[in-house]
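Enquirer:
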Amino acid sequence: MGSTDIPQAMKAATVLEFQQPVQILTRPVPSPSADQILVKVTCSSLCSSDIAAWLGHVGARPPYCPGHEPVGVVGMVGSAVRGFKPGDRVGFMPASSTCMDCTECLSGQHRFCEGKTCVGFHAPWGGFSQYCLADPLSTVKIPDGLKDEWAAPLLCAGVTAYGAVKKAAVAVPGGMFLNVVGCGGVGHLVIQYAKAMGYRVRAFDISDEKLVLAQHSGADEVHRSDQISVQDKQQTKSLRARATIVASGSSAAYEMALPLTASHGHTIAIGVSPQRVPVNLLEMVTRDLSLVATNQGSRQELAECLEIAATAGLKPEVEIRQLEELEEGFRELMEGNVSGRLVYRLWK
Ligand SMILES: [Zn+2]
Ligand SMILES: [Zn+2]
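For what it's worth, the UniProt record's numbering labels the leading residue of the sequence shown as 1, then goes sequentially.
(1) Can you give me the start and stop residues for the beta strand (DSSP E) that CYS132 sits inside?
(2) Is TYR162 helix, strand or coil by DSSP?
(3) Residues near ligand 1, CB to any non-hydrogen atom under 6 Å, in chain order?
(4) Just to confirm my understanding: we take THR26, look at its own chain, exclude 5 residues before and 5 after, and list those with CB closer than 6 Å. What are they?
(5) Across which residues does DSSP place MET76 in a beta bridge pair?
(6) My assumption, with CB atoms under 8 Å, is that GLN296 sits in contact with MET93. Please give the rounded CB distance.
(7) Look up CYS305 in the DSSP assignment and say whether it is helix, strand or coil.
(8) Quick one: any contact between the stretch 118-138 and the stretch 5-20, if contact means 3 or more CB pairs under 8 Å?
(9) Please name the residue in VAL338, GLY336 and LEU326 whose C-alpha comes closest to that of GLN23.
(10) So the beta strand (DSSP E) LEU178 belongs to, where does it begin and stop?
(11) Taking C-alpha atoms, which residue in SER107, ASP101, PRO70 and CYS102 lies nearest to ARG89?
(12) Roughly how many whole angstroms lie between the Cα atoms of LYS147 and VAL170?
(13) Can we say the stretch 299-313 touches the stretch 178-197, given the rule of at least three CB pairs closer than 8 Å?
(14) Leaving out five residues before and five after VAL165 in sequence, what residues of the same chain have Cβ atoms less than 6 Å from its Cβ?
(15) Let me know the secondary structure DSSP gives CYS105 once reduced to three states.
(16) Count the other CB atoms, across all protein chains shown, that sit within 10 Å of the CB of ILE320; report buried if there are 16 or more and exposed otherwise.
(17) Given ALA52, which residues of its chain have a CB within under 6 Å of its CB, disregarding the five upstream and five downstream residues?
(18) With distances taken Cα to Cα, identify the nearest neighbour of residue 349 among GLU324, VAL318 and ASN337.
(19) Nearest CA to the CA of LEU281: which residue from ALA257, PRO274 and SER298?
(20) Using the DSSP secondary-structure output, state which residues sit across from GLN322 in a beta bridge.
(21) How many Å lie between ASN337 and LEU189 at the Cα?
(22) Of the choices GLU255, HIS264 and LEU302, whose alpha-carbon is the least far from that of CYS276?
(23) Could you tell me if the beta carbon of THR98 falls within a distance shorter than 6 Å of some heavy atom in ligand 4?
(24) Could you give the distance in angstroms between the alpha-carbon of PHE18 and the alpha-carbon of GLU335?
(25) Going by other Cβ atoms of all chains shown within 10 Å of its Cβ, with 16 needed for buried, is LYS116 buried or exposed?
(26) Counting pairs of Cβ atoms below 8 Å between the stretch 245-255 and the stretch 174-186, do you hit three or more?
(27) One question on the structure: do ASP205 and SER225 come within less than 7 Å of each other, judged by their Cβ atoms?
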């Protein structure tokens with residue numbers, strides 16, 4: 001099925017070399033193969049994984065177009081695609097061209113397929129190009145009532161936040177306190193999903209600005225992380241929850257997360273840094289603590305997280321910018337100067 005109003009050329013942000021300025025280039029609009037969808041991207045947000053990729057830490061392959069939180073409108077579908085048609089409003093996750101034959105693909109966890117390619121890390125198109133190819137297996141429709149600008153951050157940060165709260169739910173029943181360490185782009189969404197799912201939330205961050213965002217996101221209590229001493233058992237014990245979600249990559253965040261987790265509880269890792277993070281195994285063993293990691297979610301979880309956002313009225317904190325301002329955003333996010341999420345419009 002085709003469309004006549006799709007241009008030949010588009011603007012695409014491009015990383016030509018790691019750690020070099022991101023260029024806005026004119027590139028050909030890609031054509032979908034039989035099993036792909038061509039999406040006209042309306043907006044896409046910047047994730048810390050885009051920075052990690054640009055630094056060369058997560059296996060991106062220059063030249064590539066960054067961006068993996070895209071929302072847009074289907075422009076064209078390949079001949080074998082079912083379930084989508086031109087005009088559908090969609091968002092999609094990175095995993096593409098998966099092998100369809102490994103355990104991950106068979107179990108619906110195809111984002112862990114080792115044969116996949118990733119939109120935003122490996123291709124000349126991505127979230128920050130005006131058109132992008134999407135794999136239908138990683139694509140969902142955006143519910144009515146959820147604006148493109150609010151949906152974009154949910155495509156990675158939101159589904160990761162939602163997945164973390166689901167994992168926390170194994171250890172902590174609704175109505176009880178859940179701790180969130182790090183209240184930035186992902187952390188403030190963890191708080192919003194936790195509140196929508198019936199938890200009380202205690203939020204921790206070293207930045208007053210991010211604690212204000214935590215309060216706006218519904219946190220019941222906010223605490224300055226740098227005023228908590230992990231040596232002070234009385235203090236940490238009084239702040240314990242059965243689950244602590246860490247949405248910061250700093251070692252200090254992980255150092256405080258275990259003491260803040262009640263015995264038999266779960267510490268859930270989202271935030272990563274290239275440095276190795278020391279873990280107090282003695283504390284884990286003596287208090288029966290679990291440390292589990294999470295990233296993004298299944299296609300069904302993505303659909304659930306968008307539905308919750310639409311029905312519960314979640315409002316990601318976003319700042320809207322134009323594609324040409326992307327380079328500046330990379331710098332600001334790297335320096336930790338972004339509250340919430342930077343969302344880029346692909347068309348003026
Ligand atoms: Zn991401
Ligand atoms: Zn596979």
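Cβ atoms here follow ideal geometry from the backbone N, Cα and C, with glycine treated the same way. Since the model is a prediction, treat every value here as computed from it, not as a measurement.
Expert: For this structure:
(1) Start and end: 131-134.
(2) Reduced to three states, the DSSP call for TYR162 is helix.
(3) In chain order, the qualifying residues are CYS47, SER49, HIS68 and CYS156.
(4) Around THR26: ALA9.
(5) According to DSSP, which records beta bridges pairwise, MET76 is partnered with LEU38.
(6) Contact annotation, GLN296 with MET93: C-beta distance approximately 6 Å; criterion of less than 8 Å satisfied.
(7) Reduced to three states, the DSSP call for CYS305 is helix.
(8) By the criterion of at least three beta-carbon pairs nearer than 8 Å, the stretch 118-138 is in contact with the stretch 5-20.
(9) Considering only alpha carbons, the answer is LEU326.
(10) 177-181 is the extent of the beta strand (DSSP E) around LEU178.
(11) Between ARG89 and the set SER107, ASP101, PRO70 and CYS102, the nearest pair of CA atoms involves PRO70.
(12) For LYS147 and VAL170, the distance between alpha carbons rounds to 31 Å.
(13) Result yes; three or more Cβ-Cβ pairs closer than 8 Å.
(14) Around VAL165: TYR193, ALA194 and MET197.
(15) In this structure, CYS105 counts as helix in the three-state DSSP scheme.
(16) Under this definition ILE320 is an exposed residue.
(17) Here the set comprises VAL58.
(18) Past the boundaries of the shown model lies residue 349; the chain is included only from 1 to 348, so the question cannot be answered.
(19) Measuring from the Cα of LEU281, the nearest candidate turns out to be ALA257.
(20) Its beta-bridge partners are ARG345.
(21) Spanning the alpha carbons of ASN337 and LEU189 requires a straight line of approximately 17 Å.
(22) At residue 276 the sequence reads Arg, which differs from the Cys that was named. Comparing Cα-Cα distances from ARG276 to each of GLU255, HIS264 and LEU302, the minimum goes to GLU255.
(23) In the structure shown, ligand 4 is absent; the only ligands present are ligand 1 and ligand 2.
(24) Taking the CA atoms as reference points, PHE18 sits about 17 Å from GLU335.
(25) It is buried - the Cβ of LYS116 has at least 16 other Cβ atoms within 10 Å.
(26) Yes, the stretch 245-255 touches the stretch 174-186.
(27) Contact annotation: ASP205 and SER225 have beta-carbon atoms nearer than 7 Å.
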